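See structure below.
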Amino acid sequence: MAAFLLGAVLLIAQPHIVPSRPAVHPKAEAPSQSVQKELLKKTSLKNDFKENIHSNGSRQQLPQTIIIGVRKGGTRALLEMLSLHPNIAAAESEVHFFDWEDHYGNGLQWYMNQMPFSYPRQITVEKTPAYFTSPKVPERVYNMNESIRLLLILRDPSERVLSDYTQVFYNHVQKHKPYPSIEQVLIKDGELNVDYKAINRSLYYIHMENWLKYFPLGHIHIVDGDKLIKDPFPEIEKVERFLRLSPQINASNFYFNKTKGFYCLRDSGRERCLHESKGRAHPQIDSRLLDKLHEYFHEPNRKFFELVGRTFDWH
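Residues -20 to -1, 1 to 295 (mature numbering (1 follows the signal peptide of the UniProt record, and there is no 0)) make up the sequence shown, in order.
Rendered as structure tokens:
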């Protein structure tokens, strides 16, 4: 009787947070409660595990899918588009659990507490684009769940470098801080500055090799970020199939916004676009410097294509 009363008190004490929509399609199979507990038992990060369960049957779960990257590849757009599916429950913020030591040290209980409430048949998704290029992350994700399905969205490496620079530049502008020109960061002693972090992040094959040490290629779906921008629906269809979701997202969910210059979303009559910080114009860059970038990435791109058994329309 005492155990029953304690359980009732815990249920009443839970915050009244509910998922945005119920799961209505049983095809997507999320791990059961027992599987969630097993995931916690097998890791050194185990805390005293306490499930947060809402009275409506929803609960916070460890993610069954993670968008691992890449930075400035279109991760936010991918998450927003995927959230159109009723069987997806997405964490709103980047959690940075596996790449930030202070967060990782908090353990999986803390990680699960950052997840949205979801119904048993929903797939919980989080995205942190820094995961892809962080050396420690693949092993840590594997230790949590070796069967997890991973989403990786990539763009032309040269374009990704320019987007990376653009974001950092505008961050400085908003804080009224100076920032060097694109030429100043890309050129060092008359040559391409290969120590520039944005260039290293675009060496996809190096980071992919690290992930493939722990996960088979079949567990990592690569989304073509350039195609997602130009025509999102076919790419999202592929993601649905990879996650074994019933096809619920349609071409009618996307419309091209001429003012913004990219696709926006239409969901149950509501229209929404990504934040104004997305889709910013890249800085003007000398064609010879751009050629240097293309030339530098030619061999790394070839290695990446060979690694994943697939080619992309990159320079």
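The C-beta atom is built at its ideal place from N, Cα and C for all residues, glycine as well.
On a predicted model such as this, the values are computed, not experimentally measured, just so you know.
Cβ neighbour criterion (16 or more within 10 Å) applied to residue i
i: TRP294; result: buried
i: PHE236; result: exposed
i: GLY37; result: exposed
i: ARG250; result: exposed
i: ARG290; result: exposed
i: GLN44; result: buried
i: VAL141; result: buried
i: GLY205; result: buried
i: PRO160; result: exposed
i: GLN154; result: exposed
i: SER182; result: buried
Beta-carbon contacts of residue i that lie in its chain and below 6 Å, excluding the five residues immediately before and after
i: ILE265; result: ILE162
i: LEU273; result: SER138
i: SER143; result: LYS52
i: ALA231; result: PHE213
Strand pairing of residue i, partner residues [DSSP]
i: ILE167; result: LEU172
i: VAL203; result: ILE133
i: CYS253; result: According to DSSP, which records beta bridges pairwise, CYS253 is partnered with nothing at all.
i: PHE242; result: ASN237
Cutoff 7 Å; reference residue i; Cβ partners in own chain excluding five residues on either side
i: VAL165; result: TYR145, ASN173, TYR176
i: LYS193; result: PRO118
i: ALA178; result: VAL141, ASP144, TYR145
i: GLU74; result: LYS107, THR108
Other residues of its chain near residue i: CB distance less than 8 Å, five sequence neighbours each side excluded
i: HIS65; result: GLU220, LEU225, GLN228, ILE229
i: ASP247; result: LEU64, ASN233
i: PRO263; result: LEU142, TYR145, THR146, PHE149, SER161, ILE162
Anticipated Cβ contact below 8 Å, residue i with residue j, distance rounded
i: ILE216; j: PHE242; result: About 15 Å separates the two Cβ atoms, so there is no contact after all.
i: MET61; j: LEU245; result: 7 Å
i: ILE186; j: VAL121; result: Going by Cβ atoms, the distance from ILE186 to VAL121 rounds to 18 Å, so no, they are not a contact pair.
i: PHE284; j: MET188; result: 6 Å
i: ASN125; j: LEU42; result: 7 Å
Q: Flag this pair as touching only if the stretch 186 to 203 and the stretch 126 to 135 have three or more C-beta atom pairs under 8 Å; answer yes or no.
A: yes
Q) Are there three or more Cβ pairs, one per stretch, closer than 8 Å when the stretch 76 to 89 is compared with the stretch 49 to 59? A) no
Q. Okay, do the stretch 116 to 124 and the stretch 143 to 158 touch, 3+ Cβ pairs below 8 Å being the bar?
A. no
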